[in-house]
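Asker: Let me give you the structure first, and then I'll get to my questions.
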Amino acid sequence: MDEATAALDMEIEKAVIDSIRQVKGSKTILLVTHHMSLANECDMVYKIENMKFVRMK
3 MDEATAALDM EIEKAVIDSI RQVKGSKTIL LVTHHMSLAN ECDMVYKIEN MKFVRMK
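With the numbering used here applied, the sequence shown covers 3 to 59.
Rendered as structure tokens:
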């Protein structure tokens, strides 16, 4: 998902995050986001630094 919650209001954003939590562990989900609140839902977080992927957690 690329910026899955970018154009959503808070209520719908919460519903999307809840859905991610429900499938977490049974599906692989790749998220692209600038929002750390959404990134914190992930098991692994990478950032792009000097044109390379760097694992944050």
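Idealized CB from N, CA, C, for every residue including glycine.
1) Using C-beta distances below 7 Å, list every residue in its chain close to R57, excluding the 5 sequence neighbours before and after it, in chain order.
2) Near R23, what residues of its chain come up, given a Cβ to Cβ distance below 8 Å and the 5 sequence neighbours on each side ignored?
3) Quick one: residues in its chain with C-beta nearer than 7 Å to the C-beta of K59, no 5 flanking neighbours on either side, listed in chain order?
4) Once the 5 residues before and after E15 are set aside, which same chain residues still bring their CB inside 7 Å of it?
5) Note the first and the last residue of the continuous beta strand (DSSP E) segment covering K49.
Answerer: So, from the listed chains and residues:
1) Answer for R57: M46 and Y48, listed in chain order.
2) The residues are E43.
3) Cβ neighbours of K59 beyond the five flanking positions: M46 and V47.
4) Only T7 meet the Cβ criterion.
5) First-last of the beta strand (DSSP E) with K49: Y48 to E51.
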